Every structure is written in structure tokens, then in C-alpha cells.
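>
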Amino acid sequence: MSDIPAPGSAGGNLEAKVEVTKTSHVANVQTKVRAITRILGFPELYIFKAAISASELASNLVYHTSAGGTISIRGIRKNGCIGIEIISIDSGPGIKDVNMALQDGYSTGPGLGSGLPAVERLMDELDILVTDDFKTCIRSRLWYFCE
Numbered sequence: 001m002s003d004i005p006a007p008g009s010a011g012g013n014l015e016a017k018v019e020v021t022k023t024s025h026v027a028n029v030q031t032k033v034r035a036i037t038r039i040l041g042f043p044e045l046y047i048f049k050a051a052i053s054a055s056e057l058a059s060n061l062v063y064h065t066s067a068g069g070t071i072s073i074r075g076i077r078k079n080g081c082i083g084i085e086i087i088s089i090d091s092g093p094g095i096k097d098v099n100m101a102l103q104d105g106y107s108t109g110p111g112l113g114s115g116l117p118a119v120e121r122l123m124d125e126l127d128i129l130v131t132d133d134f135k136t137c138i139r140s141r142l143w144y145f146c147e
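All the letters of the sequence shown, read from the start, carry residue numbers 1 to 147 under UniProt numbering.
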């Protein structure tokens with residue numbers, strides 16, 4: 001796949017960071033994810049999966065934090081596989097019970113409690129870390145194909 005630039009290479013435009021503090025920023029996150037997945041050559045179904053997941057993570061920053069946070073997006077390669085990584089980081093108040101947060105219907109805010117479970121279903125990898133100082137870091141990855 002020599003026509004797809006390596007992540008971080010010049011002209012690749014395969015990294016983006018979006019500050020998310022209000023609902024209008026969610027669309028910015030979706031736009032960046034769609035652009036990066038298209039550069040990587042993902043088919044529409046995978047672009048849709050990544051964009052929905054990113055939207056859910058960004059929405060959580062708006063609805064479940066006091067100051068928002070950041071979404072980092074980047075094209076990734078591992079062992080010849082092409083993927084996208086979406087990382088959400090906030091400064092609190094943290095997810096009190098990660099296992100419950102991954103259950104459909106559980107919500108501590110105004111939503112339906114389907115966001116994180118949807119991300120878990122749509123993406124290939126999902127890791128959630130809540131630190132002692134109540135920061136939450138959520139890393140999700142979607143792999144398309146291997147060379």
C-alpha cells in the first residue's frame with residue numbers, strides 16, 4: 001500500500017486533535033475522522049463506524065464533563081494492518097463504574113446510555129482508563145485490512 005502515506009508523514013494529514021467543549025465541536029470531530037479514514041482507503045461502512053464512534057466519544061465530553069476535553073485522531077499501522085485510532089481525554093469527573101458504563105441503558109446524564117456500548121460494538125478495540133485524579137482516557141481502534 002505504497003499510495004497510503006505512513007501516519008505522521010508529510011502530506012499524509014493523518015493526525016488531528018479537536019478541542020471539544022460544546023455540541024458544535026462534535027461535527028468537527030466527525031469531519032476529521034471521515035477525512036482520515038478516506039485517506040486510509042476505508043470503505044463507507046468503516047468510515048461510518050469510525051465517525052459514529054467518534055461522535056459518541058465527543059458527545060460524552062460535552063454531556064458528562066464540566067470543561068470538555070480533546071479528541072485525538074490518527075491513522076495507524078501495526079504489523080502491516082491499517083487502522084484509525086480515536087482517543088478521548090477529559091479532566092473529570094471520571095467514570096465511576098466502567099463496567100456499568102459499558103452496559104446498554106446505563107447513563108449518569110441526559111443520554112440513553114447507549115454511547116459507550118455502541119463504541120465497543122463498532123470498534124475493534126476499546127480501552128478505558130480512569131486515573132486517581134478523575135481524568136478519563138478512552139482509546140478506540142478500528143482496523144480495516146492488512147497488507
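Even for Gly, the Cβ is constructed at its ideal location relative to N, Cα and C.
Since this is a predicted model, take the numbers as computed values, not measurements.
Taking DSSP's pairing of strands, which residues face arginine 74 in a bridge?
Arginine 74 is bridged to Glu15, Glu85.
> Measuring CA to CA, which of Lys49, Tyr144, Val62 is closest to serine 24?
The shortest C-alpha separation from serine 24 is found at Val62.
> Looking at C-alpha atoms only, which residue of Glu125, Asp133, Thr136 is the closest neighbour of phenylalanine 142?
The question names phenylalanine, but residue 142 is leucine in the sequence shown. Answer by Cα proximity: Glu125.
> Within a Cβ cutoff of 6 Å, which residues of the same chain sit near aspartate 132, ignoring the five residues on either side of it in sequence?
Cβ neighbours of aspartate 132 beyond the five flanking positions: none.
> Count the other C-beta atoms from every protein chain shown that fall within 10 angstroms of the C-beta of valine 18, then say buried if there are 16 or more, exposed otherwise.
Under this definition valine 18 is a buried residue.
> Give the straight-line distance between the Cα atoms of lysine 32 and isoleucine 128, rounded to the nearest whole angstrom.
Cα to Cα, lysine 32 sits roughly 22 Å from isoleucine 128.
> Please state the DSSP three-state secondary structure of leucine 61.
Three-state DSSP puts leucine 61 in a helix.
> Name the two residues that bound the continuous beta strand (DSSP E) containing leucine 129.
Start and end: 125-130.
> Quick check: what's the CA-CA separation for isoleucine 73 versus phenylalanine 134?
If you take the alpha carbons of isoleucine 73 and phenylalanine 134, they lie about 22 Å apart.
> Tell me the rounded alpha-carbon separation between leucine 102 and alanine 118.
Taking the straight line from one Cα to the other gives about 9 Å.
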